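These notes concern the structure reproduced below.
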Amino acid sequence: MSATAEHSRTAAAPPGGGALPLPMTSMEQHAALPKLSHDDRVRFQVAAGVNGFLSQTLLPLLQRAAAERVEPRIEAELKRPAKDRHEYRAFLEQDLTWRLWSRMRRANMESVQQAARLAVLPQLPDLVQTSRELIERAGNLQLASGLKAPGYLKRLHSHLMPGGYITELGDDDVAAGAAYELGVYAVLGGKSGPASDRAGRATVAWLAEHRPGWKPKRILDLGCGIGANTTAIARAFPEAEIVAVDAGAPMLRQGAARAAALGVDNIRFVQGNAERPPLGDDEQFDLITSLMVLHETSRPGTRKIFQACARHLAPGGLTFHLEQPPYRDKPLLEQCLRDWDGRYNNEAFWSAMHDSDLAAQLRASGFDDAEVYETEANAAQIGATKKTQEDYGRGGAWYVVVGEKPRLQEVRQ
Ligand SMILES: C[S@@+](CC[C@H](N)C(=O)[O-])C[C@H]1O[C@@H](n2cnc3c(N)ncnc32)[C@H](O)[C@@H]1O
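This is the structure:
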């Protein structure tokens, strides 16, 4: 059975539990993917299973505990409901079910990183050699050895990734990228899509629905990482020329090697800062995306990324930024659950970004004459994954901010 077909199956749900994660062997195989021993696979599958258990089984108990114990305690002590998530959290964090959920989630993130390092480091020389050969043949990588990466990427190692995205362990290193590719499977509870491309497939589905038949000729993906989601876009638009920018050389090497291994030949991986992408002043793109990037970027960084989009988006073009939804208007418990990553998963900009108004920021960054709106992209719609229970960050639905520039004739009218 093909990886795609296997991924569209619904995993059996055992009595009293949520759906089991799909096996790791359901990931699309390619020459740049680290080889996994039985022990490696078990580590990732257990982590994916714990992830599923936390979101499908323990989370409903936590929601019950909040309604039956936490909120009555707030009312009893404050004589009113909590005024914001900070006040609510002070009570929530005293509850045993929260502590269990939160500590298991943290331990699970640590175990994913550990499993990835244990799998990748022993075979790193082989992975480096394979990626060198694939990249040399494809000629799809452009590195900038003197790049001054943004300070936040140097200092902050998002979601507990040892060394973050940019640390290089040696010449032509791919460790961070190879580890990231394996980790995505477990972090998304085995529902990352056959080629770890769930967000990319959701993007393609959204575009097909909102601009049916549209074929962007030039596409820019900012903060592409290993390009797993870029690859889904590239496959949907095989005639487009795609430039994928990231600051992390190990991510880009893994991305370029894996695209070549998968036979995707229309992406050029370019090292650069997405705040000032390494492009000619006049270079224009029909579609500019950032998928799950802005929450790892400072507020001034986000503004500069949006300004770069305004500079490089062609008339009639569309810019698409996919994230988790903002906290505004969400119930306080949900805000606390969503905010977990900002407090316990080394996501330094997470809370500030989800408290901000990305649509207003986009408008103010050179899109004042554009149509700017918020929307949703949903992987469940495309059958890539079946969303059974909201798990606040691991589910298959995303919040998206879109800016659509008017066409030239519309500007002249
Ligand atoms: C969570 S990963 C998402 C990667 C990819 N978009 C995906 O969908 O899998 C965030 C990526 O953004 C990159 N990134 C964050 N800020 C950046 C910046 N200012 N310039 C270039 N890359 C950046 C990181 O290096 C990392 O690879």
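Each position in the sequence shown, counted from 1, maps to that position plus 330 in this note's numbering.
Each residue gets a CB set at the ideal place from its N, CA and C atoms; glycine is no exception.
Predicted model, so just to flag it, every value in this text is computed and none were measured.
Just the Cα atoms here: how many angstroms apart are residue i and residue j?
| i | j | result |
| --- | --- | --- |
| R447 | F636 | 34 Å |
| E701 | F650 | 12 Å |
| G469 | N381 | 38 Å |
| E358 | S367 | 17 Å |
| F421 | V400 | 6 Å |
| R436 | I563 | 32 Å |
| P344 | T387 | Residue confidence for P344 is low, a pLDDT of 46 falling below 50, so the modelled location carries little weight and cannot support an answer. |
| E706 | L392 | 26 Å |
| V731 | I618 | 12 Å |
| R541 | L518 | 28 Å |
| L350 | G379 | 7 Å |
| A690 | W544 | 26 Å |
| I556 | A505 | 11 Å |
| K717 | L738 | Low confidence applies here, because K717 scores a pLDDT of 47, under 50, leaving its location unreliable; read the following figure in that light. Straight-line Cα distance between these residues: approximately 41 Å. |
| H487 | G493 | 6 Å |
| N708 | P655 | 12 Å |
| T334 | G523 | Note on T334: pLDDT 43, under 50, position unreliable in the model; no value is reported. |
| K409 | L662 | 17 Å |
| I572 | T560 | 8 Å |
| Y495 | E423 | 31 Å |
| T715 | E407 | With a pLDDT of 45 at T715, under the threshold of 50, the modelled position of this residue cannot be trusted, and the question is left open. |
| D503 | L477 | 16 Å |
| V458 | F383 | 35 Å |
| F374 | D456 | 21 Å |
Measure the Cβ-Cβ separation of residue i and residue j and say whether it is below 9 Å.
| i | j | result |
| --- | --- | --- |
| A577 | E498 | no |
| A591 | T627 | no |
| H625 | Y657 | no |
| Q601 | V575 | yes |
| H642 | P607 | yes |
| L471 | R598 | yes |
| A558 | D527 | yes |
| T533 | L688 | no |
| D616 | P546 | yes |
| H489 | D669 | no |
| G513 | C554 | no |
| A529 | L363 | no |
| G593 | P480 | no |
| R693 | Q614 | no |
Under the criterion of a Cβ to heavy atom distance below 8 Å, does residue i qualify as lining ligand 1?
| i | result |
| --- | --- |
| I617 | Reading the sequence as shown, one finds Leu at residue 617 and not Ile. No; taking the cut-off as 8 Å, the Cβ of L617 has no heavy atom of ligand 1 nearer than that. |
| N559 | yes |
| D612 | no |
| L663 | no |
| E605 | yes |
| E626 | yes |
| D669 | no |
| G555 | yes |
| D425 | no |
| A479 | yes |
| L352 | no |
| V380 | no |
| A468 | no |
| D576 | yes |
| L391 | no |
| I563 | no |
| D503 | no |
| D551 | yes |
| S681 | no |
| V517 | no |
| Y418 | no |
| Y729 | no |
| M439 | no |
Who are residue i's beta bridge partners in DSSP?
| i | result |
| --- | --- |
| W428 | Paired residues: none, contrary to the question. |
| D576 | Q601 |
| R399 | According to DSSP, which records beta bridges pairwise, R399 is partnered with nothing at all. |
| I618 | L550 and T649 |
| V732 | F650 and Y703 |
| E571 | R548 |
| L457 | BP columns for L457 are empty, so no partner. |
Taking 9 Å as the CB-CB limit, is residue i close to chain C?
| i | result |
| --- | --- |
| G530 | Note that chain C does not occur in the displayed structure, where there is just one protein chain. |
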